[in-house]
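To keep things clear, I will list the structure first and then write my remarks on it.
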Amino acid sequence: MYAYDEIDRTLVNERVSEFRDQVKRRLSGELTEDEFKLLRLQNGVYLQLHAYMFRVAIPYGTLASNQLRRLAHVARTYDRGYGHFTTRQNIQFNWIKLAQLPDALADLAEVGIHAMQTSGNNMRNVTSDQWAGVAPGEIEDPRIWSELLRQHTTLHPEFSFLPRKFKIAITASDHDRAAIKIHDIGLRLTRNEKSETGFEVLVGGGLGRTPFIAKTVKHFVHGRDILSYVEAILRVYNQYGRRDNIYKARIKILVHELGIEKFAQEVEEEWRHIRNGSLQLDDGVIEDIRAHFTYPAYEKLPHMPDELRAAAHDPAFEAWRKNSVFAHKVQGYSIVTISLKPVGSPPGDATAEQMDALADLADKYSFGEIRVGHEQNLALPHVTKRDLPALWKALDRLGLATPNVGLISDIIACPGLDYCSLANARSIPVAQELTRRFANHELANLIGRLHINISGCINACGHHHVGHIGILGVEKNGEEVYQITIGGRADENAALGNLIGPGVKFDEVADVIEDIVEAYLALRERPEELFIDTVKRLGVEPFKERVYATR
Amino acid sequence: MPLVKGGKIVEDPFVRLADDAQTPAVGDILVSADRFLGDPEGLLARAGRLGMIWPNNRDIDALVPYLGRLAAVALVFPVFRDGRAYSQARLLRERYAWRGELRATGQVLRDQFVFMLRAGFDTFDVRKQADAEVFAQTVKRYSVFYQPTGDGRITALHRRMQLRHAEGVSP
Numbered sequence: 003m004y005a006y007d008e009i010d011r012t013l014v015n016e017r018v019s020e021f022r023d024q025v026k027r028r029l030s031g032e033l034t035e036d037e038f039k040l041l042r043l044q045n046g047v048y049l050q051l052h053a054y055m056f057r058v059a060i061p062y063g064t065l066a067s068n069q070l071r072r073l074a075h076v077a078r079t080y081d082r083g084y085g086h087f088t089t090r091q092n093i094q095f096n097w098i099k100l101a102q103l104p105d106a107l108a109d110l111a112e113v114g115i116h117a118m119q120t121s122g123n124n125m126r127n128v129t130s131d132q133w134a135g136v137a138p139g140e141i142e143d144p145r146i147w148s149e150l151l152r153q154h155t156t157l158h159p160e161f162s163f164l165p166r167k168f169k170i171a172i173t174a175s176d177h178d179r180a181a182i183k184i185h186d187i188g189l190r191l192t193r194n195e196k197s198e199t200g201f202e203v204l205v206g207g208g209l210g211r212t213p214f215i216a217k218t219v220k221h222f223v224h225g226r227d228i229l230s231y232v233e234a235i236l237r238v239y240n241q242y243g244r245r246d247n248i249y250k251a252r253i254k255i256l257v258h259e260l261g262i263e264k265f266a267q268e269v270e271e272e273w274r275h276i277r278n279g280s281l282q283l284d285d286g287v288i289e290d291i292r293a294h295f296t297y298p299a300y301e302k303l304p305h306m307p308d309e310l311r312a313a314a315h316d317p318a319f320e321a322w323r324k325n326s327v328f329a330h331k332v333q334g335y336s337i338v339t340i341s342l343k344p345v346g347s348p349p350g351d352a353t354a355e356q357m358d359a360l361a362d363l364a365d366k367y368s369f370g371e372i373r374v375g376h377e378q379n380l381a382l383p384h385v386t387k388r389d390l391p392a393l394w395k396a397l398d399r400l401g402l403a404t405p406n407v408g409l410i411s412d413i414i415a416c417p418g419l420d421y422c423s424l425a426n427a428r429s430i431p432v433a434q435e436l437t438r439r440f441a442n443h444e445l446a447n448l449i450g451r452l453h454i455n456i457s458g459c460i461n462a463c464g465h466h467h468v469g470h471i472g473i474l475g476v477e478k479n480g481e482e483v484y485q486i487t488i489g490g491r492a493d494e495n496a497a498l499g500n501l502i503g504p505g506v507k508f509d510e511v512a513d514v515i516e517d518i519v520e521a522y523l524a525l526r527e528r529p530e531e532l533f534i535d536t537v538k539r540l541g542v543e544p545f546k547e548r549v550y551a552t553r
Numbered sequence: 263m264p265l266v267k268g269g270k271i272v273e274d275p276f277v278r279l280a281d282d283a284q285t286p287a288v289g290d291i292l293v294s295a296d297r298f299l300g301d302p303e304g305l306l307a308r309a310g311r312l313g314m315i316w317p318n319n320r321d322i323d324a325l326v327p328y329l330g331r332l333a334a335v336a337l338v339f340p341v342f343r344d345g346r347a348y349s350q351a352r353l354l355r356e357r358y359a360w361r362g363e364l365r366a367t368g369q370v371l372r373d374q375f376v377f378m379l380r381a382g383f384d385t386f387d388v389r390k391q392a393d394a395e396v397f398a399q400t401v402k403r404y405s406v407f408y409q410p411t412g413d414g415r416i417t418a419l420h421r422r423m424q425l426r427h428a429e430g431v432s433p
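Listed in order, the protein sequences are those of chains A and B.
Residue numbers for the first sequence follow this note's numbering, beginning at 3 and rising by one.
Residue numbers for the second sequence follow this note's numbering, beginning at 263 and rising by one.
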């Protein structure tokens with residue numbers, strides 16, 4: 003965990019008091035809505051269909067138990083008793099009142115949580131691998147660098163009014179859990195031939211109406227230079243990114259129009275001027291940030307404790323363990339993913355009671371730490387294996403032990419037309435219906451790893467382009483129509499899905515998905531061949547045939 | 263529109279000249295880049311100081327050769343959402359060592375003062391009288407800064423290192 007010091011606390015408090023003043027000026031009419039809009043967006047406040055929506059940052063997905071309790075408090079006090087975890091390590095509250103927002107921010111500030119730059123055309127919450135620091139085999143803990151970047155991007159005096167939003171993600175593992183290739187800047191921690199830590203820098207990824215997979219702009223940037231290199235990218239973008247058309251304003255368009263080589267040259271030229279300047283990080287500064295992180299005092303524990311051996315006789319426990327428990331870098335410990343995708347519920351939602359109870363479980367079983375992943379699930383990152391059976395029972399009582407992590411009912415979905423003023427179609431009801439169709443865990447297990455992502459409009463908050471199956475809701479002649487893609491993925495082999503054919507109506511979506519799954523089960527070479535691999539091998543055609551033969 | 267310089271509302275010594283207006287023989291004038299580049303030597307030769315309004319969609323490289331003979335550079339925020347002039351300001355201050363007046367003009371509002379100061383602006387064509395009047399209080403809103411810029415304010419990373427060293431020397 004990164005622990006705020008007095009300096010960080012002061013800044014967040016100063017921000018809260020500034021926002022309190024801004025809200026006051028808006029309510030008194032001193033600020034016009036146009037002027038205020040951008041100020042509230044910079045503090046995570048959107049105006050949605052029914053109410054203001056408040057988006058709070060969970061930088062690089064790390065939460066302490068007292069912070070999760072405070073989020074529960076906000077849900078209970080200022081909202082309707084629940085929160086929604088997003089695909090970018092944020093939590094959203096959907097029913098907040100403008101006049102109460104400064105108080106909610108002040109309550110969060112007390113535990114080191116803020117909502118700065120969770121929306122607006124600035125540098126957004128820096129995200130990372132939710133298993134950072136505990137995943138076996140990672141280069142080093144990417145949160146050190148994430149925090150350096152969090153600080154550097156916070157209230158940046160040059161880059162707070164960019165052409166469009168700007169998102170940075172960092173991973174330190176071969177398997178990319180942070181979806182860096184669909185970010186404006188993706189950073190992959192790596193080592194050079196001298197064994198020095200640095201980054202492969204990717205740029206220009208993003209979804210929305212013109213999706214792109216990020217391209218490598220530089221194969222190795224030394225860790226000490228990462229701030230200046232990012233600064234150089236931002237400076238090129240701030241000056242030359244398009245501002246004439248909101249749909250062409252993301253850096254991906256600039257990179258696409260210039261071409262990656264030309265873009266890289268521009269960045270290199272800018273970087274040449276600043277790389278040896280005040281942004282260069284010396285080891286002392288990096289160590290100082292590192293020292294703000296605390297790590298658990300792990301015990302020396304056996305690989306296979308008696309408690310785990312005994313519980314293995316319970317098939318329900320085993321189903322959960324095999325699905326939701328993952329290898330930890332320290333022997334005797336596990337990472338436990340907590341599915342926020344129970345059958346029939348909106349993906350990513352948690353009630354205040356669940357958050358409080360999870361905070362207690364984190365204190366009891368995970369050194370007080372909770373993680374948030376982009377798949378809209380949570381994780382307890384340091385659970386001893388001997389505690390797994392007890393933890394499972396406790397989670398089950400809370401409705402948080404659905405063993406569907408990574409399976410077909412572990413759906414990513416945006417809020418859609420139920421909440422969002424941009425949406426053209428509903429997302430949540432589609433997800434709910436699909437979780438019901440695939441509620442049988444044996445069937446879901448038989449299908450194996452399969453990610454369904456749903457967006458309720460072309461802005462793609464539900465990351466539909468990179469779902470193994472992607473569902474995009476659009477509006478056609480006053481009706482909701484859903485376009486289905488297959489073959490997308492968001493990991494280190496990121497790819498955009500391909501459309502299987504004409505859109506289908508709301509009522510038909512679940513049937514179509516069932517057809518696709520049936521086709522896959524018939525087509526796969528062996529049970530271990532994942533859906534995504536079958537699509538890669540055979541292409542869209544056999545799936546298309548199956549879906550449209552009878553429609 | 264009130265002008266703020268040195269933290270206070272002041273009289274603007276410059277007259278802003280429209281592109282088709284006649285050049286006055288004396289007095290300080292502020293002209294557009296187009297007008298200036300049409301006749302740089304003529305404008306520079308006259309008595310009175312010269313300032314230039316540089317648009318935010320033009321590389322400042324073309325401005326740099328004249329910096330030594332200008333009294334002021336004004337950068338433009340056509341709307342406050344358009345942040346290109348922040349980069350131009352930092353480049354002028356930090357790369358080209360511009361020490362003369364750097365003026366923010368256009369939709370200059372209270373809630374951008376701190377960003378503008380940090381980017382190197384020292385003079386502000388403030389859109390609203392009420393904003394200009396609270397300039398001094400507004401720029402004290404923040405005492406912590408995470409990024410180094412040419413304004414010399416100490417960054418959080420740096421301050422932590424100082425604190426560390428201070429702790430290190432005491433017993």
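Using N, Cα and C, we set each Cβ at its ideal position, and we do this for glycine too.
Since the model is a prediction, treat every value here as computed from it, not as a measurement.
Run through DSSP, which three-state label would A/F533 get? By one-based count along the first sequence, residue 533 of chain A stands at place 531. Of the three classes helix, strand and coil, the one that applies to A/F533 here is helix, per DSSP.
Given this structure, state the Cα-to-Cα distance separating B/H420 from B/T367, to the nearest angstrom. Locating residue 420 of chain B in the second sequence gives position 158, counting from the first residue. Locating residue 367 of chain B in the second sequence gives position 105, counting from the first residue. When rounded, the distance between both Cα atoms is 32 Å.
With 8 Å as the threshold, decide whether the Cβ of B/P410 is near any Cβ in chain A. Indexing the second sequence from 1 puts residue 410 of chain B at position 148. Taking Cβ atoms only, chain A reaches closer than 8 Å to B/P410, which makes this a yes.
Could you check what DSSP says for B/S432 in three-state terms: helix, strand or coil? Counting from 1 along the second sequence, the entry for residue 432 of chain B is found at position 170. The predicted model places B/S432 with a pLDDT of 47, which falls under 50 and marks its position as unreliable; any figure quoted below should be read in that light. Correct three-state label for B/S432: coil.
Go ahead and pull the three-state DSSP assignment for A/L380. As a working mapping, residue 380 of chain A is identified with position 378 in the first sequence. Reduced to three states, the DSSP call for A/L380 is strand.
Other residues of its chain near B/V272: CB distance less than 6 Å, five sequence neighbours each side excluded: Numbered from its first residue, the second sequence carries residue 272 of chain B at position 10. So the qualifying residues of the chain are L265.
Would you please state the rounded distance, in angstroms, between the beta carbons of A/V385 and A/S336? I believe it to be under 8 Å. Position 383 of the first sequence holds residue 385 of chain A. Position 334 of the first sequence holds residue 336 of chain A. Indeed, because the Cβ distance is near 5 Å, the residues count as touching under 8 Å.
Does the region 244 to 256 of chain A come within contact of the region 282 to 294 of chain A, defined as at least 3 CB pairs closer than 8 Å? no
Quick check: the Cα distance between A/R438 and A/I460, rounded to an integer number of angstroms? If you number the first sequence from 1, residue 438 of chain A lands on position 436. If you number the first sequence from 1, residue 460 of chain A lands on position 458. Going from the Cα of A/R438 to the Cα of A/I460 covers about 26 Å.
Might you give, ordered along the chain, the residues of its own chain that have their beta carbon closer than 8 Å to the beta carbon of B/G313, omitting 5 neighbours on each side? Numbered from 1 along the second sequence, position 51 holds the residue referred to as residue 313 of chain B. Within the same chain, B/G313 has close Cβ partners F276, D290, I291, L292, V293, L332, A333, A334, V335, A336, E363, R365.
Would you please verify whether the beta carbon of B/S432 is less than 8 Å from any beta carbon of chain A? Working through the second sequence from its first residue, we reach residue 432 of chain B at position 170. Note that B/S432 scores 47 on pLDDT, short of 50, meaning its location in the model is unreliable; the coordinates nonetheless yield the value given after this. No - not a single Cβ of chain A is within 8 Å of the one on B/S432.
Name, please, each residue of chain B whose Cβ falls closer than 7 Å to the Cβ of A/T120. Residue mapping note: residue 120 of chain A aligns to position 118 of the first sequence, counting from 1. The premise fails here: A/T120 is roughly 17 Å from chain B at the closest Cβ pair, so nothing lies under 7 Å.
Host beta strand (DSSP E) of A/H1 (start-end): Only positions 3 to 553 of chain A appear in the structure, and residue 1 of chain A is not among them; the question remains open.
Counting only Cβ pairs nearer than 7 Å, list the residues of chain B close to A/P159. Within the first sequence, the letter at position 157 stands for residue 159 of chain A. Within 7 Å Cβ-Cβ: Y348, F377, R380, A381, Q409, T411.
The alpha helix (DSSP H) spanning A/D285 covers which residue range? Stepping through the first sequence from its first residue, residue 285 of chain A is reached at position 283. Per DSSP, A/D285 is one residue of the alpha helix (DSSP H) stretching across 285 to 293.
Cβ of A/L424 within 8 Å of any chain B Cβ: As a first step, residue 424 of chain A must be located in the first sequence, where it is residue number 422. Judged by the 8 Å Cβ criterion, A/L424 is not in contact with chain B.
Taking the C-alpha atoms as reference points, what is the distance between A/L419 and A/H158? The residue labelled residue 419 of chain A in the question sits at position 417 within the first sequence. The residue labelled residue 158 of chain A in the question sits at position 156 within the first sequence. Looking at the two C-alpha atoms, the distance is approximately 33 Å.
Would B/D282 be called buried (16 or more neighbouring beta carbons within 10 Å of its own) or exposed? Sequence index remark: in the second sequence, residue 282 of chain B carries index 20 (1-based). Exposed, because fewer than 16 other Cβ atoms sit within 10 Å of the Cβ of B/D282.
Any beta-carbon of chain A closer than 8 Å to the one on B/R355? For the purposes of this step, residue 355 of chain B is identified with residue 93 of the second sequence, where counting begins at 1. No, B/R355 lies away from the interface with chain A (no Cβ there is under 8 Å from its Cβ).
Select from A/F87, A/F95, A/T89, A/T88 the residue whose C-alpha is nearest the C-alpha of A/T79. For the purposes of this step, residue 79 of chain A is taken as the residue at position 77 of the first sequence. The option with the nearest alpha carbon to A/T79 is A/F95.
Within the region 272 to 338 of chain B, ranges of the beta strand (DSSP E) (whole runs, at least 3 residues): 276 to 278, 290 to 294, 312 to 316
Buried versus exposed call for B/H427 [16 or more other C-beta atoms within 10 Å across all chains shown]: For the purposes of this step, residue 427 of chain B is identified with residue 165 of the second sequence, where counting begins at 1. Here B/H427 is exposed. Its C-beta has fewer than 16 other C-beta atoms within 10 Å.
Would you say A/D290 reaches chain B, if we count a Cβ-Cβ gap shorter than 8 Å as a contact? Sequence index remark: in the first sequence, residue 290 of chain A carries index 288 (1-based). Taking Cβ atoms only, chain B reaches closer than 8 Å to A/D290, which makes this a yes.
Is there a Cβ from chain B that is less than 8 Å from the Cβ of A/R190? In the first sequence, the residue the question calls residue 190 of chain A occupies position 188. So no, A/R190 is outside the interface.
Residues in its own chain within less than 8 Å of A/P307 by CB, not counting five upstream and five downstream? Taking the first residue of the first sequence as position 1, residue 307 of chain A is located at position 305. G334, T386, K387, R388, listed in sequence order.
Measuring straight from C-alpha to C-alpha, what distance separates A/F399 and A/P504? As a working mapping, residue 399 of chain A is identified with position 397 in the first sequence. As a working mapping, residue 504 of chain A is identified with position 502 in the first sequence. The sequence given here places Arg at residue 399 of chain A; Phe does not occur at that position. Answer to the nearest angstrom: the Cα atoms are 43 Å apart.
Let me know the secondary structure DSSP gives A/V269 once reduced to three states. In the first sequence, residue 269 of chain A corresponds to position 267, counting from 1. A/V269: helix per DSSP, three-state reduction.
Out of curiosity, what's the CA-to-CA distance linking A/L43 and B/S349? Position 41 of the first sequence, counted from the start, is the residue given in the question as residue 43 of chain A. Position 87 of the second sequence, counted from the start, is the residue given in the question as residue 349 of chain B. Looking at the two C-alpha atoms, the distance is approximately 22 Å.
Touch test, the region 16 to 28 of chain A against the region 350 to 357 of chain B, Cβ-Cβ under 8 Å, three pairs minimum: no
Could you spell out where the beta strand (DSSP E) holding A/S162 opens and where it closes? For this step, residue 162 of chain A is matched to residue 160 along the first sequence. Taken as a continuous stretch (DSSP letters only), A/S162 belongs to no beta strand (DSSP E), as it is neither H nor E.
Judging by CA-CA distance, which residue of A/L310, A/R211, A/H275 is the nearest neighbour of A/A234? The residue given as residue 234 of chain A occupies position 232 in the first sequence. Considering only alpha carbons, the answer is A/H275.
DSSP state of A/Q94 mapped onto helix, strand, coil: Here residue 94 of chain A corresponds to residue number 92 of the first sequence, with the count starting at 1. Here A/Q94 sits in strand by DSSP.
Closest by CA to A/G243, which one among A/D176, A/G200, A/P165? Start at 1 with the first residue of the first sequence, and residue 243 of chain A comes out as number 241. Answer by Cα proximity: A/P165.
Measuring CA to CA, which of A/G200, A/K507, A/R193, A/F369 is closest to A/A299? Indexing the first sequence from 1 puts residue 299 of chain A at position 297. For A/A299, the nearest C-alpha among the options comes from A/F369.
According to a CB-to-CB cut-off of less than 7 Å, which residues of the region 293 to 321 of chain B neighbour chain A? none
Could you check which residue in A/S429, A/L363, A/I60, A/E435 has the C-alpha nearest to that of A/H465? Within the first sequence, residue 465 of chain A is the residue found at index 463, counting from 1. Ranking A/S429, A/L363, A/I60, A/E435 by Cα distance to A/H465 puts A/S429 first.
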